[in-house]
Amino acid sequence: MTQPADTTIDLADGAEAVRLVVDDYRTSGDDVLNLGMLTDEELFAYTRDLEEAAPFGLWFGRLEEVEQQAAALGAVRARAVRGEIGADLGLAEVPVEIAEDGTGTVSLETPVVAGITLRRNAIQLSLRVMGAIGETWYLLRHVEDDIWLRETVTTQGFHLLALVRLGAEERAVYMSRLQLPDGARERTAPAVSASFTEQELSDAAGTGGLNFLQDTYVIGNLTTLSRESGEPRARMINVLHDGSLVAGDVGGGRVTYRGTTVADLESDWDEWVATVAQTDDDGS
Numbered sequence: 095m096t097q098p099a100d101t102t103i104d105l106a107d108g109a110e111a112v113r114l115v116v117d118d119y120r121t122s123g124d125d126v127l128n129l130g131m132l133t134d135e136e137l138f139a140y141t142r143d144l145e146e147a148a149p150f151g152l153w154f155g156r157l158e159e160v161e162q163q164a165a166a167l168g169a170v171r172a173r174a175v176r177g178e179i180g181a182d183l184g185l186a187e188v189p190v191e192i193a194e195d196g197t198g199t200v201s202l203e204t205p206v207v208a209g210i211t212l213r214r215n216a217i218q219l220s221l222r223v224m225g226a227i228g229e230t231w232y233l234l235r236h237v238e239d240d241i242w243l244r245e246t247v248t249t250q251g252f253h254l255l256a257l258v259r260l261g262a263e264e265r266a267v268y269m270s271r272l273q274l275p276d277g278a279r280e281r282t283a284p285a286v287s288a289s290f291t292e293q294e295l296s297d298a299a300g301t302g303g304l305n306f307l308q309d310t311y312v313i314g315n316l317t318t319l320s321r322e323s324g325e326p327r328a329r330m331i332n333v334l335h336d337g338s339l340v341a342g343d344v345g346g347g348r349v350t351y352r353g354t355t356v357a358d359l360e361s362d363w364d365e366w367v368a369t370v371a372q373t374d375d376d377g378s
């Protein structure tokens, strides 16, 4: 696994940073190039936009906006104290108070600037997981060719950014986000087959019609973009305590539940990756 050089340079904009790290990744031959880790408040400070900086961890997401602004200022001031002040990086330029009569700009490492820039690309796959350890996120954005930006967000609001390829190792990372218990791979698909409208689903929740979900301890909300139509595909993945899996596909005004397996989820991932690769080859 490659770790980018710890260096700070002047950049006119984030595009040059992206070019540098992508070239580094191509020549490294590694599966992963870590770009850096940022907190919720740092992302808000550098983007100056709550929507662009999201998703957030538990603490920052619950703050009022004025408190979020204060937290962002605190994060930037911490960089000022460490002497990371000087270069105007365009996208990542953040005014901070460094003296009674002056302000400066935060100077970020090239890989971090690249990561912030690439976060503006459209999210192609989003997995939001809610479980015993809180809410976490796994996000994929296309960079170019077979290169993707992976962003994982912890419950505490740490954003880990890396360049990856969607091979077997990345599939394992994706599956690990579901927090599957030991023995899940050996479980067969539960005998579940049910379909509900929104109203029927609400009624079923109050009358015991969703008993097949009562042992759920982790819920994953998966959204992928359809390559054919450009429309999102939504699925709920319920992980039961014994490792059994129930998937709920959302579409056409209905939620359709069925039992599934680890192998099925891996196959779904492989199918999505193959379709994305085919779309890229076609130049779409």
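The numbering used here puts the last residue of the sequence shown at 378; the count rises by one with no breaks. Built from N, CA and C at the ideal position, the CB exists for glycine as well.
Item	Value
Check whether the stretch 233 to 248 touches the stretch 272 to 291, counting contact only when three or more Cβ pairs, one atom from each stretch, lie closer than 8 Å.	no
Quick check on the burial criterion: 16 or more other C-beta atoms within 10 angstroms. Buried or exposed for S287?	exposed
Counting Cβ pairs closer than 8 Å, one from the stretch 295 to 309 and one from the stretch 249 to 264, do we hit at least three?	no
Using only alpha-carbon positions, find the residue among T282, Y351, H335 and E264 that is nearest to V367.	E264
Quick check on A341: does DSSP put it in helix, strand or coil?	strand
Which of the three DSSP states is assigned to L359 in this structure?	helix
So, V112 versus L255, is the Cβ gap smaller than 8 Å?	no
In angstroms with no decimal places, state the Cα-to-Cα distance between Q250 and G151.	5 Å
What's the gap between the Cα of T248 and the Cα of G347?	32 Å
Since L255 sits in a beta bridge, which residues does DSSP pair it with?	G130 and E245
Specify the secondary structure class of I217 as computed by DSSP and reduced to three states.	strand
Go ahead and pull the three-state DSSP assignment for A328.	strand
Secondary structure at T350, three-state DSSP: helix, strand or coil?	strand
Look at the Cβ atom of L129, then the Cβ atom of V115, and state whether they are nearer than 8 Å.	yes
Taking F306 as part of the alpha helix (DSSP H), name the residues at either end of that continuous run.	No alpha helix (DSSP H) holds F306; DSSP gives it neither H nor E.
Thinking just about the alpha-carbon of each residue, which of T355, I313 and V344 is nearest to the one in A226?	I313
If we count Cβ pairs, one from each stretch, closer than 8 Å, do we get three or more for the stretch 144 to 161 versus the stretch 280 to 297?	no
Do G353 and A283 have their CB atoms nearer than 8 Å?	yes
Give the DSSP-derived three-state secondary structure of R370 in the structure shown.	Reading off the sequence, residue 370 comes out as Val, not Arg. It is helical.
If we ignore side chains and look at the alpha-carbon of each, how far apart do N215 and G302 end up?	42 Å
Locate the alpha helix (DSSP H) running through G277, then write down its first and last residues.	Careful: G277 lies outside any alpha helix (DSSP H) and carries neither H nor E.
Measure the beta-carbon distance from G108 to A169 and round it to whole angstroms, keeping in mind my assumption that it falls under 8 Å.	About 19 Å separates the two Cβ atoms, so there is no contact after all.
Shortest alpha-carbon distance to G337 belongs to which of H253, D124, L316 and R281?	R281
Please check the pair I217 and Y140, which I expect to be a contact at CB under 8 Å, by giving their CB distance rounded to whole angstroms.	Not confirmed; about 18 Å, so no contact.
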